[in-house]
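Right, one structure below, let's go through it.
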Amino acid sequence: MWNWLIKPQKPYTWGFIIRVLIKASALFIIANLSFAFLQPMDILGRLSLYNIVFTGRERFPYNQDIAEDYTVTLDNIPAMFATHEINRPKADDEYRVLLVGDSATWGFLLPPTQTLAQQLTDRHYLLADGRRVVAYTIAHPVMSLTKDLLLLDEALNHQPDMVVWLVTMQSFSHERQLSAPITQRNPARIRRLIADYNLPLNPDDPRFIRLNFGDNTLIGQRRILADWMRIQFYGVMWQFTGIDHVVMNAISRRNDFDADFSWENFDAPQSLSADDLAFDLIRAGHQMVGDIPLIIVNEPMFIADGRNSHVRYNTFYPRWAYNQYREQFAQFADEYTWRYCDLWDAMPPDSFTDSPVHMTADATGRFSQILGEMITDYLDFGYLGRDCD
Numbered sequence: 034m035w036n037w038l039i040k041p042q043k044p045y046t047w048g049f050i051i052r053v054l055i056k057a058s059a060l061f062i063i064a065n066l067s068f069a070f071l072q073p074m075d076i077l078g079r080l081s082l083y084n085i086v087f088t089g090r091e092r093f094p095y096n097q098d099i100a101e102d103y104t105v106t107l108d109n110i111p112a113m114f115a116t117h118e119i120n121r122p123k124a125d126d127e128y129r130v131l132l133v134g135d136s137a138t139w140g141f142l143l144p145p146t147q148t149l150a151q152q153l154t155d156r157h158y159l160l161a162d163g164r165r166v167v168a169y170t171i172a173h174p175v176m177s178l179t180k181d182l183l184l185l186d187e188a189l190n191h192q193p194d195m196v197v198w199l200v201t202m203q204s205f206s207h208e209r210q211l212s213a214p215i216t217q218r219n220p221a222r223i224r225r226l227i228a229d230y231n232l233p234l235n236p237d238d239p240r241f242i243r244l245n246f247g248d249n250t251l252i253g254q255r256r257i258l259a260d261w262m263r264i265q266f267y268g269v270m271w272q273f274t275g276i277d278h279v280v281m282n283a284i285s286r287r288n289d290f291d292a293d294f295s296w297e298n299f300d301a302p303q304s305l306s307a308d309d310l311a312f313d314l315i316r317a318g319h320q321m322v323g324d325i326p327l328i329i330v331n332e333p334m335f336i337a338d339g340r341n342s343h344v345r346y347n348t349f350y351p352r353w354a355y356n357q358y359r360e361q362f363a364q365f366a367d368e369y370t371w372r373y374c375d376l377w378d379a380m381p382p383d384s385f386t387d388s389p390v391h392m393t394a395d396a397t398g399r400f401s402q403i404l405g406e407m408i409t410d411y412l413d414f415g416y417l418g419r420d421c422d
C-alpha cells in the first residue's frame, strides 16, 4: 500500500528532499499569514457539533481544572454560544427568557439539571396565549456587569422575549469590570460596547490582551484552536453522562467574622457616591435590550447571625456598604422606572453552600418559583408580584 513512498521507482535525492521541505515551509508560512490576516476564529467558533450531533449544553463551558468536568473554559464568545442549547431553533410555542448573571445563576455546585434556568423551565409555566416559559442560562462564573453585557449583547441574536438580569453588589465594583479573562480577551467587543453605550470604562485599559501579528497566526492561536476542538470532543462524554461540572463537597460559608468593615478598596465605612458603583452599566443594559422586557433582580444572599454579624452580612459585604448599595439601587430604579425586584433576603440562611450567593438545589428550586411567579405576574398583570413589593 505504501510502496510508492517507501520503495519509489527512483531513489530520493537530497534535491528532492530540499524541494519538499521548501514547499512544506511555504505552505506553512502561507497558512499562518492567511490565518493572521483573516482572523477567522469567530467564524470557526460558530461551527459546532452541539445541537446537531450532541445535545446543546444548558450553560456555558467552564472548567475548574477537573478532568471529570468534560468541558473546557472558553473565552471565544461565538464558540461559547455554539455549544449552548440556546443555539437551537426557537419553538413556536416558546416564550424565551434569558437569565443573565454570575456563578449563582450559572449553577455553581449544581448539576445542569438543577440550575435556576432548568428548574424554572421544569415548572411548566404557561402564558395566557399558550406559550411555555423556557429559561436559558446566560451566565458565567464571574462577577462583573461588563461581562454580563458582553454575553447579553450576543444573546440578543437568539430571539429572547424577556431578560432577567440577576445581580449582586460585587458585580458593581469598578475594579472587577475588566478583571476576568473573558473580558480581557475580548477587547474589540468591549470597546464596541464602550462606544455604543458610553460605558464608564477605559478602552485602552492595560488589562486588555493586546495581540500582535504573530499572536494572530495559526501558531499564536493554537491554544484557542485546541480548546475549540476539545470542546467538540467532550461532546461525546457530555452526551453520555450529562456531566459538565463536578459537584464537589462545598466548603461551609462562614457565619463568624472579625470586626472587618472593608469592601473592595474601601477599608472603613464612608458614604458611597453614584460614581463608586457601576450603575451606568445597568442603564446600558436597558438601552441594549430596547423593547424587550428587562427585569433586574438583586439576588438573594446569605445573612449571618454569628460573631460580628452586626458588622458584616457575610464574607462579601459589610453592612454599611451593602445598605447604601440597596438604597442607591432603589433610588435609580424609581428615577429611571426600571423593573426592579430586591430579593436580597428572600432565602433563609440554610439555603446557601460555599459562598454568600451559591444556593442548594432545593433552595434554587424555591427561588425558581419566585422568579416564575414574578415573570407570569408581570406578563399577566403588569406588576412584579408580591415578593417584589
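Its first residue numbered 34, the sequence shown is counted upward by one per residue in the working numbering.
Note that the Cβ used here is the ideal one computed from N, Cα and C, for glycine as well.
Candidates the options, of which the one nearest residue i by Cα
i, options, result
"Arg79", "His117, Ile50, Pro381 and Leu60", "His117"
"Asp383", "Ala396, Leu107 and Phe266", "Ala396"
"Ala292", "Asn298, Pro302, Thr46 and Ile284", "Pro302"
"Met321", "Ser81, Asp155, Asp186 and Leu143", "Asp186"
"Met407", "Leu153, Ile63 and Ala59", "Leu153"
"Leu178", "Leu54, Thr386, Pro239 and Arg316", "Arg316"
"Arg359", "Ala59, Ala307, Thr386 and Pro122", "Ala307"
"Ser388", "Phe266, Asp229, Arg225 and Gln203", "Gln203"
"Asp108", "Ala59, Val197 and Ala221", "Ala221"
"Asp309", "Ile63, His207, Leu258 and Arg218", "His207"
"Asp248", "Gln72, Pro44 and Ile55", "Gln72"
Residue i vs residue j beta-carbon contact at 8 Å
i, j, result
"Arg340", "Phe290", "yes"
"Val32", "Leu199", "Residue 32 lies beyond the residue range present for the chain, which begins at 34 and ends at 422; the question has no answer from this structure."
"Ile329", "Met195", "no"
"Trp296", "Ala363", "no"
"Leu232", "Leu314", "yes"
"Gly398", "Val166", "no"
"Thr411", "Trp271", "Here the sequence assigns Tyr to residue 411, which means Thr is not the residue at that position. In this structure, Trp271 does not lie closer than 8 Å to Tyr411 by Cβ."
"Arg156", "Gln402", "yes"
"Phe385", "Phe335", "yes"
"Ala394", "Leu60", "no"
"Met74", "Ile284", "no"
"Glu332", "Leu305", "no"
"Asp135", "Thr201", "yes"
"Pro174", "Tyr83", "no"
"Leu131", "Val197", "yes"
According to DSSP, residues forming a beta bridge with residue i
i, result
"Trp198", "Val133 and Ile329"
"Cys374", "Val330"
"Ile171", "Val133"
"Arg345", "Pro351"
"Asp206", "In the sequence under discussion, the amino acid at residue 206 is Ser, which differs from the Asp named in the question. DSSP lists Leu310 as partners of Ser206."
"Phe246", "BP columns for Phe246 are empty, so no partner."
"Tyr128", "Val166"
Integer-rounded CB distance, given that residue j should sit under 8 Å from residue i
i, j, result
"Ala115", "Met392", "Actually they do not touch by this definition, with Cβ atoms about 29 Å apart."
"Arg209", "Met176", "6 Å"
"Ile85", "His191", "Going by Cβ atoms, the distance from Ile85 to His191 rounds to 16 Å, so no, they are not a contact pair."
"Pro236", "Arg224", "5 Å"
Does the segment 147-163 come close enough to the segment 88-98 that 3 or more CB-CB pairs lie under 8 Å?
yes
Looking at C-beta atoms only, is the number of pairs between the segment 364-383 and the segment 120-128 that lie closer than 8 Å three or more?
no
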